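Reading through the structure tokens given below for one structure.
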Amino acid sequence: MALWLVHMGQKLLLWGAVSAISLAGATLILNVLQMVASYAWKWQQMRAVPTLPGAYPFVGHALKLKPDARDFFQQLIYYTEENRHLPLLKIWLGPVPVVVFYNAENVEVILTSSRHIDKSYMYKFLEPWLGLGLLTSTGNKWRSRRKMLTPTFHFTILEDFLDVMNEQANILVNKLEKHVNQEAFNCFFYITLCALDIICETAMGKNIGAQINNDSEYVRAVYRMSDMIHRRMKMPWLWLDLLFLMFKEGWEHKRILKILHNFTNNVIVERANEMKKDEERRRSDDSGPTSSKYKGRAFLDLLLNVTDDEGNKLSHEDIRQEVDTFMFEGHDTTAAAINWSLYLLGSYPKVQRKVDNELEEVFGKSDRPATLEDLKKLKYLECVMKETLRLFPSVPLFARSLNEDCEVAGYRIVKGSQAIIVSYALHRDPRYFPDPEEFKPERFFPENSQERHPYAYVPFSAGPRNCIGQKFALMEEKIILSCVLRHFWVESNQKREELGLAGELILRPSNGIWIKLKRRNAIVDASNKLRGWNMYSSMDIKGRGYKTKAIWQTLQAGTFRTGLVADEMQNLNSCILHRAEDCLLLTAAAPVDTLNLKGSTAGIFEICYFITFRSAVTCVKYLKINSLKIEFASQNNKVWKKLCSYVWKYLCVIYFKSKENINSFKNLK
1 MALWLVHMGQ KLLLWGAVSA ISLAGATLIL NVLQMVASYA WKWQQMRAVP TLPGAYPFVG
61 HALKLKPDAR DFFQQLIYYT EENRHLPLLK IWLGPVPVVV FYNAENVEVI LTSSRHIDKS
121 YMYKFLEPWL GLGLLTSTGN KWRSRRKMLT PTFHFTILED FLDVMNEQAN ILVNKLEKHV
181 NQEAFNCFFY ITLCALDIIC ETAMGKNIGA QINNDSEYVR AVYRMSDMIH RRMKMPWLWL
241 DLLFLMFKEG WEHKRILKIL HNFTNNVIVE RANEMKKDEE RRRSDDSGPT SSKYKGRAFL
301 DLLLNVTDDE GNKLSHEDIR QEVDTFMFEG HDTTAAAINW SLYLLGSYPK VQRKVDNELE
361 EVFGKSDRPA TLEDLKKLKY LECVMKETLR LFPSVPLFAR SLNEDCEVAG YRIVKGSQAI
421 IVSYALHRDP RYFPDPEEFK PERFFPENSQ ERHPYAYVPF SAGPRNCIGQ KFALMEEKII
481 LSCVLRHFWV ESNQKREELG LAGELILRPS NGIWIKLKRR NAIVDASNKL RGWNMYSSMD
541 IKGRGYKTKA IWQTLQAGTF RTGLVADEMQ NLNSCILHRA EDCLLLTAAA PVDTLNLKGS
601 TAGIFEICYF ITFRSAVTCV KYLKINSLKI EFASQNNKVW KKLCSYVWKY LCVIYFKSKE
661 NINSFKNLK
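Start counting the sequence shown at 1; every next residue gets the next number (full-length UniProt numbering).
Listed below in structure tokens is the structure:
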């Protein structure tokens, strides 16, 4: 009997297994057939939409797209530029249609919609860390959460964070001091650590000291998690959680996640207990001090007290998700924007000089912390920041999942399609930004931007799902940039093509941002001295030049050789010598040291201290002017002008190679 039961049991198990396999197989077949039918229907419905050539059934353009993030981004930008005459472009990623938008009129249709607010499926890789916070949530949950959190970003609340931002910006300046007058260095990591310190203290009320100790467990975990998210996005075989956790990277992901969540959870519990004790003290009329660990308010304090329309507070898990979201969004994007600003300012010294003049007007020689009123006065710096975000938007593309069919530019886009807004390409539309690759902050002067399409420039997205923290980001960026530029003069060490743009979640330079730093005060002082000497000398040369001779003899004897060291002269090469009129004034002031009482003019251009003019000096020395034998004491104005005319015209030809500059020089005599 027992054997019969065992035998029947085995048969039943075998039958169950076969049935399960058959059911699974049938389900799989049905799913495949459903997918094929869905793909065929979408293909038919969207066949009129302009499409990138070379798509294959079911795999679409997947075989054509580059797997590397840097190469893929460059490829996408190439496609948008090649097809700029088209209103939009369709790419098939497997069976999923992806519609690429780079036209302001069509971008407006997507971003202004209250229906198409769901983020693309690519954002799901953020969910293990950020949960369903403001960045990743959708639908009614997002609407409710956005309404709750918007008041926490009011400008009056942001003012509480000024002290933290100023303090961390000064730490950054101290860290950069060791690079002054040294070789070029990669500043990207320095700026990122500063931004991380700021977001930690403003979001959680916790000073983690990332700039002081960048080897802390939490700092390393933040950067490792960001790297893993970027890598996973590029590797389709890691998209399934089951497969991802089978790899070593999946195990590490789990370990890093525990570090990040434990840190945030501990801070929340600690701060909640502190606030509870403070409340108990107030109720008991205790005049003793409240918790002193925290400077002002942090976002965490606001999250612990915020309620929805029904009076419900956020749960502990909800708060952790939002704090982690602030951490992720609030340091990487701002750090990238600051780095790009420094790169562009270092590449365009004329623009940097205008910023320098504005900083001089607002702060003078003071190194005091910036106030809210100071920031409001930095109008030109703000234009620099906006133009930087036009050329190098921190988020170069963002995606939406369409929740319903819609019509754009006369084409039907079906539900379930992915919409990608390529802000990097959108910001280069020559209709709204002539000479789009040029760095021109003046584009954002009010008179130059008022007629521009409102959706031609969307560095923080736009519409109902725009970036909630953009005021915070701009305030932080302005404080850090103004602090750095009040101390240093920046010189970029890379050409655009050497940056290696990689457009992932954040637009990063694959090769870093390499700059040189000079001490700003030395440059300003040296520039002011030379400007004064040049103006005085050029005016005197219009007369007989007696005073100029005395000045230059004095300078040669001491001030010029000891007061302005060679390093400062190199700095000046990046400052005043970029304007032709400055160069002309400088040459006009230079030669008087050789007009001595003996009458010899042999060394008339001994100004080899000026690195910029060394090549010109070498050529001019060979002028046959020794034969003039002019005695300085007996020369008349006519002979003096004649001498200047021959020599200075020659110098202008050598250095400027331009008749226009020669003609402008005549006005100095």
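Glycine is no exception: its CB is placed at the ideal position from the N, C-alpha and C atoms. Bear in mind the structure is a predicted one, so any value in this text is a computation, not a measurement.
Notebook entry, point to check: Is the CB-CB distance between Tyr432 and Arg400 below 8 angstroms?
Noted result: no
Check: Expressed to the nearest angstrom, what Euclidean distance is found between the alpha-carbon atoms of Glu498 and Ser510?
Finding: 9 angstroms
Margin query: For a test of your reading of the model: does the CB of Thr150 fall under 7 angstroms from any non-hydrogen atom of the ligand ATP? Yes or no.
Written below: As presented, the structure is devoid of all ligands, the ligand ATP included, so that no description of it is given.
Check: Does DSSP put Gln352 in a helix, in a strand, or in coil?
Finding: helix
Checklist line | Rounded straight-line distance, which links the Cα of Asn403 to that of Tyr79 | finding: 26 angstroms
Margin query: In the DSSP assignment, the alpha helix (DSSP H) including Val384 goes from what residue to what residue?
Written below: 379-391
Margin query: Whole angstroms are fine: how far does the CA of Gly416 sit from the CA of Glu477?
Written below: 37 angstroms
Notebook entry, point to check: Going by the CB atoms, is the gap between Ile91 and Val100 shorter than 8 angstroms?
Noted result: yes
Checklist line | Length of the line joining the Cα atoms of Glu159 and Leu372 | finding: 7 angstroms
Note to self: By the three-class DSSP mapping on this structure, what secondary structure does Ile515 have?
What the structure shows: strand
Next item on the list: With DSSP collapsed to three states, give me the class of Gly346.
Entry: helix
Item checked: Chain-order list of residues whose beta-carbon lies under 8 angstroms from that of Lys258 (same chain, five-residue window excluded) -> none
Margin query: Quick check on the DSSP output: the beta strand (DSSP E) that includes Val400 runs from which residue to which?
Written below: Note that residue 400 is Arg in the sequence shown, not Val. Note, Arg400: beta strand (DSSP E), 398-401.
Notebook entry, point to check: Going by beta carbon distance, what residues of the same chain come within less than 6 angstroms of Lys313, once the five residues before and after it are set aside?
Noted result: Thr307
Item checked: Residues near Phe326 by beta carbon distance below 7 angstroms, same chain, minus five either side -> Ile199, Ala203, Phe299
Note to self: Going by DSSP in three states, Ala63 sits in which element: helix, strand or coil?
What the structure shows: Reading off the sequence, residue 63 comes out as Leu, not Ala. Three-state DSSP puts Leu63 in coil, outside helix and strand.
Next item on the list: Consult DSSP for Asp435 and reduce its assignment to one of helix, strand or coil.
Entry: coil
Next item on the list: Could you check which residue in Arg353, Pro349, Leu378 has the C-alpha nearest to that of Val362?
Entry: Leu378
Checklist line | Counted within 10 angstroms of its Cβ, other Cβ atoms place Glu407 as buried (16 or more) or exposed | finding: exposed
Check: Where does Met235 fall in DSSP's three states?
Finding: coil
Notebook entry, point to check: Tell me the DSSP bridge mates of residue 670?
Noted result: It is not possible to answer for residue 670, since the shown part of the chain is limited to 1 through 669.
Check: Which residues in the same chain as residue 675 place their Cβ atom closer than 6 angstroms to its Cβ, once the five residues preceding and following it in sequence are excluded?
Finding: Since the displayed the chain opens at 1 and closes at 669, residue 675 lies outside it and no answer follows.
Item checked: Identified DSSP bridge partners for Trp92 -> Pro97
Margin query: Helix, strand or coil, according to DSSP, for Tyr102 in the structure here?
Written below: coil
Notebook entry, point to check: Leu243 to Gly250, Cα distance in whole Å?
Noted result: 8 angstroms
Next item on the list: Go ahead and label Arg486 buried or exposed: buried means 16 or more other beta carbons lie within 10 angstroms of its beta carbon, across all protein chains shown.
Entry: buried
Margin query: Determine, for Thr307, whether the minimum Cβ-Cβ distance to residues of chain C falls below 8 angstroms.
Written below: Going by chain labels, chain C is absent from the structure shown, which holds only one protein chain.
Notebook entry, point to check: Do the CB positions of Met122 and Glu504 come within less than 8 angstroms of each other?
Noted result: no
Next item on the list: From the DSSP output, in three-state form, read off Thr371 for me.
Entry: coil
Check: Alpha carbon to alpha carbon, what distance is there between Met246 and Val384?
Finding: 47 angstroms
Note to self: Distance check for Asp435 and Thr51, CA to CA, integer angstroms please.
What the structure shows: 28 angstroms
Margin query: Give me the residue from His154, Arg465, Ser482 with the minimum Cα distance to Ala170.
Written below: For the record, residue 170 in the displayed sequence is Asn; it is not Ala. The candidate whose alpha carbon is nearest that of Asn170 is Ser482.
Next item on the list: Rounded to whole angstroms, what's the CA-CA distance from Glu438 to Asp429? Just pull it up for me.
Entry: 12 angstroms
Check: DSSP on Asn186, reduced to helix/strand/coil?
Finding: strand
Next item on the list: Could you check if Ser114 is buried or exposed, using at least 16 other CB atoms within 10 Å of its CB as the buried criterion?
Entry: exposed
Next item on the list: Check Lys547 in the structure and name its three-state DSSP category.
Entry: Note that Lys547 scores a pLDDT of 45, beneath 50, so its modelled location is shaky and nothing firm can be said.
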